[in-house]
Amino acid sequence: MTLAPLLAAVLAAADASSIPSEPRFASLQGGETLGEGGTEAVFSAGFSTLSAAYAQGFSNEADYGLQLEFDWLTTELFAGGLYRQLTWRFGGIFVSWRARAGLYADLGSTWIVDSNSADVGVQFTQGLALSRRFSLGILSVAGDVPFDVTFSRGAGFAIGVRGGVAFETSLRSDLLVGARAGGGVLGSTGGAPFTNDSPRGFLDFSLLLTYRLL
0 MTLAPLLAAV LAAADASSIP SEPRFASLQG GETLGEGGTE AVFSAGFSTL SAAYAQGFSN
60 EADYGLQLEF DWLTTELFAG GLYRQLTWRF GGIFVSWRAR AGLYADLGST WIVDSNSADV
120 GVQFTQGLAL SRRFSLGILS VAGDVPFDVT FSRGAGFAIG VRGGVAFETS LRSDLLVGAR
180 AGGGVLGSTG GAPFTNDSPR GFLDFSLLLT YRLL
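Below is the structure:
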């Protein structure tokens, strides 16, 4: 009987030592959520987008935040909110449903595509993201379906499919760096930009930097 308190104390100490002392540091590119109170700033730059995002863990299963993205090739802009919900986990594999919604604007540059035209509207995108941790970093795979409604020239619509793969590694406890590669196809109709060149394909090659704030 005298061994019971000692055994309980040893088990409690072992269990406590297995709990990470730092908040979860997850990638915004994949399916693993940030954890309640986790906060990150994420930046990307490449061909052909520049992006900045802020995200915070609403709970252990859900994140929300803001994103600003600019395609310097087509001069398309997105500004709005993002949301991610953990939907499935198997061991170290995380899968989340994610979405973003907000303002869509096209500044109308024709230096690459002659049929481009200025427009403004709204965008809603939803998709799935998967991630897996490895000893060298985090591998993420994601697929999304963007849907745009534009208001100029009698209104128009655009819908597409895009996907990408990212790998990020930790430089220190609060900093991830990596790269993302992917692409997709987008179809437009009505008065939406690029209707005369629909469907059109696009590529994404970006460098990533994620900084954990909390």
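Note that numbering that gives the first Met the number 0 gives residue 62 to position 63 of the sequence shown, counting from 1, and the numbers run on in steps of one.
A virtual CB, placed ideally from N, CA and C, is assigned to each residue, including glycine.
8 Å Cβ shell around residue i - same chain, five flanking residues per side excluded
i	result
T168	L135, G136, I137, L175, V176, G177
N115	T73, T74, D105, G107, S108, T109, P192, F193
G153	G189, G190
T124	A98, R99, A100, D143, V144, P145, F146
Straight-line Cα distance separating residue j from residue i
i	j	result
I170	R99	Residue 170 is actually Leu in this sequence, not Ile. Approximately 29 Å, taken between the alpha carbons.
D118	N195	15 Å
G189	L212	43 Å
Y210	R199	34 Å
G90	V140	17 Å
P22	G80	Low confidence applies to P22: its pLDDT is 48, below 50, so where it sits in the model is not reliable, and the reading given next is rough at best. When rounded, the distance between both Cα atoms is 23 Å.
D147	F46	21 Å
R132	L49	26 Å
I111	A157	19 Å
S20	L85	Confidence in S20 is poor, its pLDDT being 36 and thus under 50, which makes the residue's placement too unreliable to answer from.
G159	S151	20 Å
D70	V121	16 Å
A197	F57	Strictly speaking, residue 197 in this sequence is Ser, with Ala absent from that position. Between S197 and F57, the C-alpha separation is close to 39 Å.
DSSP beta-bridge partners of residue i
i	result
R88	F93
S134	S134 is not bridged to any residue.
S187	A157
P145	T124
L72	Paired residue(s): none; L72 is not in a bridge.
D196	According to DSSP, which records beta bridges pairwise, D196 is partnered with nothing at all.
F42	A51, L208
L67	A51, A78
E167	I137, G177
L27	Its beta-bridge partners do not exist; DSSP assigns none.
A98	Y82, Q125
Pick from the options that is closest to residue i, judged by C-alpha positions
i	options	result
G183	D173, F204, S172	F204
G101	V94, L65, W71	L65
D62	G45, R97, A157	R97
R83	T149, T48, E35	E35
L76	A25, T149, F133	T149
G181	S197, F201, L85, S172	F201
L185	S172, G162, F166, D173	G162
A165	L208, D113, L85	L208
Q55	G37, V160, S151	G37
Beta-carbon proximity list for residue i, same chain, < 7 Å, skipping 5 on both sides
i	result
A40	Y53, Y210, L212
G155	T149, S187, T188, G189, G190, A191, T194
A78	L67, G101, L102
L206	S43, A44, G45, A178
W87	V94
D113	none
Other residues of its chain near residue i: CB distance less than 6 Å, five sequence neighbours each side excluded
i	result
N59	G34, E35
A51	F42, L67
I92	R131
F24	R211
D173	R211
Contact between the region 124-132 and the region 26-37: three or more CB pairs below 8 Å?
Segment contact: the region 124-132 against the region 26-37, three or more CB-CB distances shorter than 8 Å; contact assigned.
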